[in-house]
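S.K.: Below is a structure I'd like to ask you about.
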Amino acid sequence: MHIYDIIIIGGGPAGYTAALYAARAGFDTVLLERMSAGGQMTLTGDIDNYPGFEEGIDGFTLGIKMQQSAERFGAKTEYDEVLDVDFSGQEKKVKTAGGVFYGKTVIISSGANPRELGVENEEKLIGKGVHYCAHCDGRFYKDKTVVVVGGGNSAVSDALYLSRLAKKVYVVHRRDSLRATKIYQEPLFKAENIEFIWNSTVAQFIADNRVSGVKVKSVTDGTFRELACDGIFISIGRKPATEFLKDAVILDENGYVVADESTRTNVDGVYAIGDVRTKVLRQVVTAVSDGAVAVHYAEEYLSKA
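For the sequence shown, the residue numbers in the numbering used here are 7 to 311.
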């Protein structure tokens, strides 16, 4: 039975940064990734807010570079889906479709997926006018018209950010008031280029090869209205990839792993990093930071084991 020093679940920017720091420090490290390096980052065509790339870089290429950096120091990647975990013993168990991995410590970096609207052709139009990250893709809509769907803190943040770039921002919300924290709402209502479409949902994307508008439906009287736009940003929350954890660590009410800036969970030797943990800002740069922090505390734990 091979026992790794560190098992990392998930190969996004947080996971591969942790793998880099762990392998470079001499720890026997394996990273388990279900699909491909980069995680949700690979869906972003151009990343301009990650330092070091003056011309920007696409998410897929950055993911591959991060993987290569970690593997240069001996980190091992296994393409396998994690099904279950057992953190109760001194050696943690991670069950995958291909077998069981054992580790002295585990770093959870399984990420979070955007919640989809469920509108027809949504998946086909991703990157062709349909987006889930305003800070990632907003720059493509300078002086254009966009729609933001949602009424929570993320939607408000996205709408404010886009209002500084776009000519016009529609905010479509299914209720007659925002769910976002009141303190965040004031600057939104002051923005002259933001228009609210209350009590409405997006029923259809108007598109040929890319989005040219949306059809919204009133939840009060069932009438439809068309909004011409160049892009739509869906901000109705995220789904953390924590189904496999069950009761292994404490999750918050939204399913995120409870861990503070130390990345430590309620289980000794188990850490949560990147989009899967409770945090304010979910960006590539904050995920990378988490990866380095987690290995620092894992090293501290291993030195006492």
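Yeah, the Cβ is synthetic: ideal placement off N, Cα and C, and Gly gets one too.
These figures come from a predicted structure and were not determined experimentally.
1. Flag this pair as touching only if the region 37 to 52 and the region 85 to 97 have three or more C-beta atom pairs under 8 Å; answer yes or no.
2. Roughly how many angstroms lie between the CA atoms of G117 and A298, to the nearest whole one?
3. When burial is assigned at 16 or more other CB atoms within 10 Å of the CB, is F230 buried or exposed?
4. Taking only the alpha-carbon atoms, compute the straight-line gap between F33 and I12 and give it to the nearest angstrom.
5. Classify V225 as helix, strand or coil using the three-state DSSP reduction.
6. Is I189 helix, strand or coil by DSSP?
7. What do you reckon, are the CB atoms on R216 and G135 nearer than 7 Å?
8. Do the region 243 to 253 and the region 89 to 105 make contact, defined as three or more Cβ pairs closer than 8 Å?
9. Can you give the beta carbon distance from L131 to F211, rounded, assuming they're within the 8 Å contact cut?
10. Which full runs of the alpha helix (DSSP H) of 4+ residues lie inside the region 132 to 205, going along the chain?
11. Determine the contact status of A300 and I114, defining contact as a CB-CB distance below 7 Å.
12. Starting from the C-beta of L194, find all residues in its chain whose C-beta is less than 7 Å away, skip the five residues before and the five after it, and write them out in chain order.
13. Quick one: what does DSSP say D296 is sitting in, helix, strand or coil?
14. Taking all protein chains shown into account, do 16 or more other C-beta atoms lie within 10 angstroms of the C-beta of P246, making it buried, or fewer, making it exposed?
15. Need the endpoints of the beta strand (DSSP E) that F239 sits in, please.
16. Is the beta carbon of A76 closer than 7 Å to that of Y22?
17. Within a Cβ cutoff of 6 Å, which residues of the same chain sit near E97, ignoring the five residues on either side of it in sequence?
18. For Q74, count neighbouring Cβ atoms within 10 angstroms of its own Cβ and tell me buried if that reaches 16, exposed if not.
19. Answer with buried or exposed for T111, where buried requires no fewer than 16 other C-beta atoms within 10 angstroms of its C-beta.
20. Ordered along the chain, which non-local residues of its own chain (more than five positions away) have a Cβ less than 7 Å from that of T187?
21. Bridge partners of V91, per DSSP?
22. By the three-class DSSP mapping on this structure, what secondary structure does R288 have?
23. For D149, count neighbouring Cβ atoms within 10 angstroms of its own Cβ and tell me buried if that reaches 16, exposed if not.
M.R.: In short:
1. yes
2. 16 Å
3. exposed
4. 7 Å
5. coil
6. helix
7. yes
8. yes
9. 6 Å
10. Taken in chain order, the unbroken stretches of alpha helix (DSSP H) that lie wholly in the region 132 to 205 and span 4 residues or more are 140 to 143, 159 to 169 and 188 to 196.
11. No, these two residues do not count as a Cβ contact at 7 Å.
12. V162, A165, L166 and I200
13. helix
14. P246 is buried by the Cβ-count criterion.
15. G237 to I240
16. Yes, Cβ-Cβ distance for Y22 and A76 is below 7 Å.
17. I9 and Y108
18. exposed
19. It is buried - the Cβ of T111 has at least 16 other Cβ atoms within 10 Å.
20. Non-local beta-carbon contacts of T187 in its own chain, meaning distances under 7 Å to residues more than five positions away in sequence, involve N159 in chain order.
21. V91 has V100 as its beta-bridge partners, per DSSP.
22. coil
23. Burial state of D149 is exposed, judged by a 10 Å Cβ sphere holding fewer than 16 other Cβ atoms.
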